[in-house]
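Here the structure comes first, spelled out in structure tokens, and everything after it is commentary.
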Amino acid sequence: MARFDGDHVASTALAVAAGRAVEASRRDALAVDPYAGPLVAASRSPLDLPLRWPDDPAVAPAMQQPLLLASLYIGLRTRFIDDVLSEANPTTQTVILGAGLDTRAFRLPWPTDHRVFELDHPDVLVFKSRVLSGLDAHPTCELSSVGADLSQPWAASLSGADFDVHQPTTWVVEGLLPYLSAQAQQDTLNTIAELSASGSRAVIERAAALPDTEELVAKLRAFSAQTGLAMSDLLARANPPDPAALLAAKGWLVWEHSVAQLCARYERRIALNDEQPSNPAATGQPDHSRGGFVTARL
Ligand SMILES: C[S@@+](CC[C@H](N)C(=O)[O-])C[C@H]1O[C@@H](n2cnc3c(N)ncnc32)[C@H](O)[C@@H]1O
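Numbering (the numbering used here), first residue to last: 165 to 462.
Below you can see the structure in the form of structure tokens.
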């Protein structure tokens with residue numbers, strides 16, 4: 165396979181960054197990540213990732229259309245999590261699991277002594293650090309990049325980076341759980357609970373429980389072929405644990421947020437044109453397409 169500058173970066177991390185770049189270009193942007201476009205460009209990815217919202221999405225290249233549609237969702241989730249992190253009574257440390265090319269450590273107004281720990285595969289974090297250094301971008305917090313395989317026990321990696329288990333923590337789990345087996349999801353959620361002092365909080369994007377049907381696999385194969393994204397990256401795992409139930413059983417207060425609710429709150433339609441609204445907020449139908457979010461406090 166041809167190598168490119170970001171070939172050690174998960175294609176999903178690049179696709180999400182491209183989604184944030186597209187979102188930033190919209191007149192009604194819900195979130196503006198100034199680093200998303202440069203990160204994707206620096207990867208020299210062979211994938212034809214869109215970086216701007218086109219004048220007419222209907223005539224955008226076929227491969228870009230699902231990514232443009234996804235960018236509407238990515239903008240929504242970026243804004244929602246930004247808003248959760250800006251809520252009052254912040255903790256003094258935040259852990260972002262599967263941080264990928266997320267640049268919140270650089271673009272949000274953290275207290276200068278706030279500690280942010282980003283966990284992902286080492287190559288992803290090294291690539292991000294290199295590109296952002298080249299842009300003369302600086303974290304607005306004390307940032308620790310922690311290379312870790314989150315499908316394996318990872319608590320020791322975090323402790324080794326001077327994470328303080330006695331301090332309340334804010335946990336961010338965005339776009340990660342679908343890439344972990346159901347068991348690894350369970351282990352990750354249990355580890356979050358074990359490492360959380362009183363006062364901790366979490367925002368978690370759920371992995372949707374996907375029916376194990378031939379139709380679904382065929383759809384994912386078509387999306388994989390259309391976008392070049394690896395099938396293994398796209399395939400969510402059956403029967404994932406429910407973060408809300410798991411944390412509630414451990415004494416956390418939990419709130420559930422469906423994508424339909426967020427679409428209504430942020431006045432966002434997840435559709436490429438006016439004629440075919442595809443988000444449940446617009447259709448009034450229940451939302452089975454995405455897992456939605458859980459926020460929680462201990
Ligand atoms: C869809 S991306 C989302 C990245 C980021 N949270 C965002 O929203 O931009 C998924 C991320 O999870 C990371 N990831 C997936 N499986 C992982 C694993 N076993 N260990 C560490 N990171 C993993 C990938 O490297 C990638 O950066």
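Built from N, CA and C at the ideal position, the CB exists for glycine as well.
Looking at residue j and residue i, is the spacing between their C-beta atoms short of 9 Å?
i           : j           : result
residue 327 : residue 315 : no
residue 340 : residue 259 : no
residue 344 : residue 311 : no
residue 350 : residue 257 : no
residue 367 : residue 337 : yes
residue 134 : residue 370 : This structure does not reach residue 134, given that the chain is present from 165 up to 462, and the question cannot be answered.
residue 295 : residue 263 : no
residue 184 : residue 242 : yes
residue 153 : residue 279 : Since the first and last residues shown for the chain are 165 and 462, residue 153 lies out of range.
residue 408 : residue 265 : no
residue 215 : residue 223 : no
residue 411 : residue 352 : no
residue 394 : residue 209 : no
residue 426 : residue 365 : no
residue 249 : residue 187 : no
residue 255 : residue 355 : no
residue 404 : residue 456 : no
residue 211 : residue 415 : no
residue 197 : residue 276 : no
residue 299 : residue 202 : yes
What do you reckon, is the C-beta of residue i under 8 Å from a heavy atom of ligand 1?
i           : result
residue 302 : no
residue 431 : no
residue 213 : no
residue 392 : no
residue 179 : yes
residue 314 : yes
residue 260 : yes
residue 266 : yes
residue 355 : no
residue 338 : yes
residue 288 : yes
residue 199 : no
residue 285 : yes
residue 176 : yes
residue 234 : no
residue 372 : no
residue 184 : yes
residue 348 : yes
residue 325 : no
residue 412 : no
residue 205 : no
Tell me residue i's beta-bridge partners as DSSP assigns them.
i           : result
residue 365 : 334 and 461
residue 281 : 259 and 308
residue 142 : An answer regarding residue 142 cannot be provided, because it is not within the stretch 165 to 462 covered by the chain.
Would you report the Cα separation of residue i and residue j, rounded to the nearest angstrom?
i           : j           : result
residue 431 : residue 421 : 15 Å
residue 459 : residue 246 : 13 Å
residue 179 : residue 357 : 30 Å
residue 291 : residue 200 : 13 Å
residue 151 : residue 231 : As shown, the chain starts at 165 and ends at 462. That puts residue 151 outside it, with no answer to give.
residue 304 : residue 373 : 36 Å
residue 360 : residue 194 : 30 Å
residue 429 : residue 379 : 32 Å
residue 317 : residue 390 : 34 Å
residue 435 : residue 382 : 22 Å
residue 449 : residue 325 : Only weak support is given to the placement of residue 449: the predicted model assigns it a pLDDT of 44, under 50, and the value that follows is read from those uncertain coordinates. Those two C-alpha atoms are separated by around 45 Å.
residue 271 : residue 226 : 32 Å
residue 167 : residue 206 : With a pLDDT of 41 at residue 167, under the threshold of 50, the predicted position of this residue should be treated as unreliable, though the coordinate-derived value follows. So the two alpha carbons sit approximately 13 Å from each other.
residue 388 : residue 362 : 42 Å
residue 447 : residue 423 : For residue 447, the pLDDT reaches just 43, beneath the cut-off of 50, and the residue's location in the model is therefore unreliable, although a value from the coordinates is still provided. About 13 Å.
residue 213 : residue 320 : 36 Å
residue 433 : residue 269 : 28 Å
residue 451 : residue 419 : Any reading at residue 451 must be qualified, since the residue scores a pLDDT of 46, below 50, and its modelled position is unreliable; no value is offered.
residue 301 : residue 274 : 15 Å
residue 293 : residue 229 : 30 Å
residue 386 : residue 253 : 45 Å
residue 220 : residue 297 : 35 Å
Is residue i a contact residue of ligand 3, with contact defined as CB to any heavy atom under 8 Å?
i           : result
residue 344 : Among the ligands modelled here, namely ligand 1, ligand 3 does not occur.
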